[in-house]
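**Student:**
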Amino acid sequence: MAQRVAIVGTGQTDHKSHRPDVSQREMIHEAVTRALKDCELSIKDIDAIIIGNMDHFESINYVDTWSVEGSGGVMKPIIKISTGGTTGASLAIGAYYYVASGMFDKVLAIGWEKNSESDTTSAIVTCSDPVWDRFSYSGAIPSLASEASAYMEQYGATQEDAARVAVRDRKNAMNNPHAHLRRPMSLEDVMNSPMLAYPIKLGDVCPRSDGACAVVLAADGVAQKITPKPAWFIASSVRHTYTWFGDSTNYNEGLVSLQRASSEAYERVGIKNPSEELDVAELYLPYTYAGLKYIEALGFCGPGEGARFVGDGHTEMDGKIPVNPSGGVISTNCIGATALLRVAEAAIQIMGKGDKRQVPDANLALATGFGGCFWSDVVILSGDRP
Amino acid sequence: MDNIAIVGIAQTKYERRKKDKTYLDLVYEMTTAALDDAGLTINDIDSVVTVSNDFLDGRTISGMAVGDAAGAYDKNISTVEGDGTFGAFYGAMRVLGGAGTTLVVAHSKGSEGDIKTVTNAMFDPIYQRHLGIEGITSSAIQANAYMHKYGITEEELAAVSVKNHANAMNNPHAQLPLDLTLGDVMDSEMISDPLKKLDCSPVSDGAAAIIIADEEQAKKAKKPPVWIKGFAHCADEYLLGDRDLADPRALREAAEKAFAMAGIDEPMGGIDVVELYDAFSYMEPLWLEGMGFCAPGKGAQLLLDGITAMDGTLPVNPSGGVLSAHAVLVAGLARIVEVVEQLRGTAGARQVKGAKTGLAHGINGPCGQSHCVWILSKEMRG
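The listed protein sequences correspond, in order, to chains U and R.
Sequence positions in the first sequence follow the working numbering and run 1 to 386.
Sequence positions in the second sequence follow the working numbering and run 387 to 768.
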């Protein structure tokens, strides 16, 4: 019988475009130390560690064993999980299973990336098949640009509709002391930013950040002793549905992997009307158009209604379902950490530690991961023990 | 821990170069073969763990390439980067944690890359990598440290190679079944002192898969389930200079935990067969010491006394071990597959008679920095 699991502590670095003041392992150490401090544990209390990043970004092989001086993994079980953009969610889910197994009471999940020391695009182009896919999908932006174009064509959404997502997330980032891009952007700023690949402009897309995130998960009975308000892990669902970009490009179906993952997770929790029942959502929105389309896949609104839902303010801090109080991926993107930051920020909301970015009385929070070949992960956290 | 079991296994023949197949082909074939072995279809699989490495595959998000081939469409999938024993460990955590029947599949094609470049990338990029240190040279340092500490000779280590390559002649999957003399090993080309060519494992192509299920599903399996009695993994310090390379303390920690879980007080009496990660000849005795089968420094003596031979009381690497086939990442999973064959009694010419409990072992990182130990049994946990 699976053990119940809760998040009891989170830690993250102060994300920046360059962190020349720390080495990669020191940066990992910074996040780990903060997570342990958050739940008043020491590294000695940790029973196992799950770590992840993208191998080729920093060009370190066997990051699990390389990292131990920063992660605290000396004489502990440590494994590496890596699934592209979804890595951070895969790490949280990995740590969840380690605790749920009943074999480990306290497990540390660590995601990190030091993008300033990598050539992200050179590395990412090699994710697609060298013969069949690479010529058409070289890097992250082209596939997203075609997705955005298809969405605009299908529903008549405009570039301004998408830009509102960046305005919202960058405004929220002002409340998050850890965020990388803490500078507000107006609609005009986004619209006037340089075009990268139509219709994606610089203001529409996430940055590359240096940063790390660490999350401590604990077993039922242990978690309650560590913190008065654990964030219970009540559902996770994974759909890494495609291997080939060519198979994933029926954009008019919506983001299929997220539709399937979220409906499975909602069913497990008993959520019927997500935008009414969820208190807050930390979504992996790598670019603004995702902020319209992916909330449709999540059932926050109907197909084609994303632009209106966002435009009417339902996803603002005081709206029906606040999205990305942290400022989201558009404000901070240390890739191997990015989806773990979504889970950590959702936990922060449940634990009531959000300070200026806190959504009042948040008790049911959704976090998502996006990556790979239009893949989705979903995690739902609750203040109530399942 | 609840009872969980391995209900399906598959492995390829290991070869220097599988020219006719992509690694996607290998993953598909092993997924299909493991399902057949278990009497299951892909619809019975709830969760998938693929094992890959971006350096070996030359692709970022290497797990993405094999999702289709592993039948993971619309399933709960994740990817462990590291040896297959660690991937399988995570697979087992998923089964115990309620994810349902889990497929674990590992692949590698050493022929499509340069293993020295790949293992060089394990080392510190600023202070060490440019020295050229990689898998073989770092292991040579460990071999020297081990020989120096206990006065072990090169001949004693060469004997491991003779035994394991001879065992490989009974294993149709092995890449290097060889009838060797001690002289053959001693006279083989010096690669990195004291490691000669026949002290080193080959570069291989291959893949393997296992299916892990909970007690209820395992009892319905086509073949007798092999139960997981105990398992653990543990990592040592990173920098070689921070470690006593002749003292595998992380292995000792993992083995002690695994034996304790399995209720085995005395390793030597409690285990019938061992499949361990002998990437180099010296590793077999060193790892046997770490596992607690003998006192530190006495590992080589076990072989001289005939204990680890096929007809000894503790046959080690009846398959021929990693020395006879080394598909990186796959090799640890292959150790699990081999022990399952032994416990099912289906190991053919390499069968250890009456084997009831076996140990499988894998390593990660330079010089066995991280170890994973599995105790498998024909019987369930009590």
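By construction, the Cβ of each residue, glycine as well, lies at the ideal position given by its N, Cα and C atoms.
Since the model is a prediction, treat every value here as computed from it, not as a measurement.
Tell me the residue span of the beta strand (DSSP E) that contains R/ILE749.
**Tutor:** Locating residue 749 of chain R in the second sequence gives position 363, counting from the first residue. Segment 743 to 750, the beta strand (DSSP E) holding R/ILE749.
**Student:** Ignore the nearest five residues each way along the sequence and tell me which others in U/ASP105's own chain have a CB closer than 8 Å to its CB.
**Tutor:** As a position in the first sequence, residue 105 of chain U is number 105, starting the count at 1. Counting only Cβ-Cβ distances below 8 Å, and skipping sequence neighbours, we find ASP47, VAL99, ALA218, ALA219 and VAL222.
**Student:** Would you say U/PRO130 lies against chain R (beta-carbon separation less than 9 Å)?
**Tutor:** On the first sequence, position 130 is the one that residue 130 of chain U refers to. It does: the Cβ of U/PRO130 has a partner Cβ on chain R nearer than 9 Å.
**Student:** Would you please verify whether the beta carbon of U/HIS18 is less than 9 Å from any beta carbon of chain R?
**Tutor:** As a working mapping, residue 18 of chain U is identified with position 18 in the first sequence. Closer than 9 Å: no.
**Student:** For the region 481 to 503 of chain R, which residues have a beta carbon sitting closer than 7 Å to at least one beta carbon of chain U?
**Tutor:** If the cut-off is 7 Å between Cβ atoms, the region 481 to 503 of chain R has LEU482, GLY483, GLY484 and ALA485 near chain U.
**Student:** For U/ASN273 and R/LEU729, what's the separation of their Cα atoms in angstroms?
**Tutor:** As a position in the first sequence, residue 273 of chain U is number 273, starting the count at 1. As a position in the second sequence, residue 729 of chain R is number 343, starting the count at 1. Distance between the alpha carbons of U/ASN273 and R/LEU729: 51 Å.
**Student:** Please report the distance separating the alpha-carbon of R/ASP469 from that of R/PRO558.
**Tutor:** The residue given as residue 469 of chain R occupies position 83 in the second sequence. The residue given as residue 558 of chain R occupies position 172 in the second sequence. Looking at the two C-alpha atoms, the distance is approximately 22 Å.
**Student:** I'd like the ranges of any alpha helix (DSSP H) spanning at least 4 consecutive residues and lying wholly in the region 571 to 618 of chain R.
**Tutor:** If we require 4 residues or more, the alpha helix (DSSP H) runs fully inside the region 571 to 618 of chain R come out as 601 to 604.
**Student:** One question on the structure: do U/LEU285 and U/VAL165 come within less than 9 Å of each other, judged by their Cβ atoms?
**Tutor:** Here residue 285 of chain U is taken as the residue at index 285 of the first sequence, counted from 1. Here residue 165 of chain U is taken as the residue at index 165 of the first sequence, counted from 1. It is a contact, given that the beta carbons lie within the stated cut-off.
**Student:** Using a Cβ cut-off of 9 Å (strictly closer), state whether R/ALA746 contacts chain U.
**Tutor:** One-based indexing of the second sequence puts residue 746 of chain R at position 360. No, R/ALA746 lies away from the interface with chain U (no Cβ there is under 9 Å from its Cβ).
**Student:** Taking Cβ positions only, does U/MET75 come closer than 9 Å to chain R?
**Tutor:** On the first sequence, position 75 is the one that residue 75 of chain U refers to. True, the Cβ-Cβ gap to chain R drops below 9 Å.
**Student:** Of all the options U/HIS15, U/LEU144, U/LEU91 and U/LYS320, which has the alpha carbon lying nearest to the alpha carbon of U/LEU255?
**Tutor:** Your numbering for residue 255 of chain U matches position 255 in the first sequence. For the residues U/HIS15, U/LEU144, U/LEU91 and U/LYS320, the minimum Cα distance to U/LEU255 belongs to U/LEU144.
**Student:** Examine chain R for any beta-carbon lying closer than 9 Å to the beta-carbon of U/CYS334, and answer yes or no.
**Tutor:** Within the first sequence, numbered from 1, the residue matching residue 334 of chain U stands at position 334. No, no contact with chain R.
**Student:** What's the gap between the Cα of U/ALA89 and the Cα of U/PRO194?
**Tutor:** Counted from its first residue, the first sequence places residue 89 of chain U at position 89. Counted from its first residue, the first sequence places residue 194 of chain U at position 194. Each residue's alpha carbon lies about 31 Å from the other.
**Student:** How about U/GLY211 and U/THR13: do their beta carbons lie closer than 9 Å?
**Tutor:** Translated into positions along the first sequence, residue 211 of chain U becomes position 211. Translated into positions along the first sequence, residue 13 of chain U becomes position 13. Going by C-beta atoms, U/GLY211 is nearer than 9 Å to U/THR13.
**Student:** Just the chain R side, please: which residues come within less than 8 Å of U/ALA2 by C-beta, in chain order?
**Tutor:** In the first sequence, counting from the first residue as 1, residue 2 of chain U sits at position 2. Neighbours of U/ALA2 on chain R, chain order: LEU482, GLY483 and GLY484.
**Student:** Closest to R/VAL548 by CA distance: which of R/ASP651, R/CYS586 and R/LEU625 is it?
**Tutor:** Counted from its first residue, the second sequence places residue 548 of chain R at position 162. Cα-wise, what sits closest to R/VAL548 is R/CYS586.
**Student:** Give the single residue among U/GLY319, U/LYS356, U/PHE370 and U/ALA346 whose Cα lies nearest to the Cα of U/ASN333.
**Tutor:** Along the first sequence, one-based indexing puts residue 333 of chain U at 333. Measuring from the Cα of U/ASN333, the nearest candidate turns out to be U/PHE370.
**Student:** With a threshold of 8 Å, are at least 3 pairs of Cβ atoms found where one atom belongs to the region 550 to 564 of chain R and the other to the region 338 to 356 of chain U?
**Tutor:** In short, these stretches do not touch, since the Cβ pair count stays below three.
**Student:** Using the beta-carbon of each residue, which ones in chain U are nearer than 7 Å to R/ILE463?
**Tutor:** If you number the second sequence from 1, residue 463 of chain R lands on position 77. Correct list: VAL238 and HIS240.
**Student:** Going by other Cβ atoms of all chains shown within 10 Å of its Cβ, with 16 needed for buried, is R/ASN439 buried or exposed?
**Tutor:** By 1-based counting over the second sequence, the position of residue 439 of chain R is 53. Answer is buried; the Cβ neighbour count reaches 16.
**Student:** Please decide whether U/TRP232 counts as near chain R, where near means a Cβ-Cβ distance under 9 Å.
**Tutor:** Within the first sequence, residue 232 of chain U is the residue found at index 232, counting from 1. Closer than 9 Å: no.
**Student:** Is it true that the region 282 to 298 of chain U meets the region 129 to 138 of chain U, where meeting means three or more beta-carbon pairs spaced less than 8 Å apart?
**Tutor:** Touching, no, given that fewer than three Cβ pairs across the two stretches are closer than 8 Å.
**Student:** Would you call the region 425 to 443 of chain R in contact with the region 691 to 700 of chain R, where contact means no fewer than 3 C-beta pairs closer than 8 Å?
**Tutor:** The region 425 to 443 of chain R, when compared against the region 691 to 700 of chain R, does not touch it at the 8 Å Cβ threshold.
**Student:** Would you call the region 335 to 353 of chain U and the region 297 to 307 of chain U in contact, with 3 or more CB pairs under 8 Å?
**Tutor:** These segments do not touch.
**Student:** Determine the contact status of U/LEU381 and U/ILE226, defining contact as a CB-CB distance below 9 Å.
**Tutor:** Position 381 of the first sequence, counted from the first residue, corresponds to residue 381 of chain U. Position 226 of the first sequence, counted from the first residue, corresponds to residue 226 of chain U. Their beta carbons are not under 9 Å apart, which means U/LEU381 does not touch U/ILE226 by this criterion.
**Student:** Kindly provide the ranges of any beta strand (DSSP E) runs that are 3 or more residues long and lie completely inside the region 247 to 304 of chain U, ordered along the chain.
**Tutor:** Whole beta strand (DSSP E) segments, 3+ residues: 280 to 282.
**Student:** Indicate whether at least one CB of chain R lies closer than 9 Å to the CB of U/ALA173.
**Tutor:** Against the first sequence, residue 173 of chain U aligns to sequence position 173. False, the Cβ-Cβ gap to chain R never drops below 9 Å.
**Student:** So with Cβ pairs under 9 Å, would you call U/TYR62 a contact of chain R?
**Tutor:** Reading the first sequence from its first residue, position 62 is the one you call residue 62 of chain U. Yes - at least one Cβ of chain R is within 9 Å of the one on U/TYR62.
**Student:** What residue range does the beta strand (DSSP E) around R/SER433 cover?
**Tutor:** In the second sequence, counting from the first residue as 1, residue 433 of chain R sits at position 47. Counting along the chain, the beta strand (DSSP E) containing R/SER433 begins and ends at 433 to 437.
**Student:** Cα separation between R/GLY707 and R/GLY685?
**Tutor:** Sequence index remark: in the second sequence, residue 707 of chain R carries index 321 (1-based). Sequence index remark: in the second sequence, residue 685 of chain R carries index 299 (1-based). So the alpha carbons of these two residues sit roughly 16 Å apart.
**Student:** Counting pairs of Cβ atoms below 8 Å between the region 230 to 248 of chain U and the region 264 to 281 of chain U, do you hit three or more?
**Tutor:** The region 230 to 248 of chain U is in contact with the region 264 to 281 of chain U.
**Student:** Using a Cβ-Cβ distance under 9 Å, would R/HIS345 count as near chain U?
**Tutor:** Because chain R spans 387 through 768 in this model, residue 345 of chain R falls outside it and cannot be assessed.
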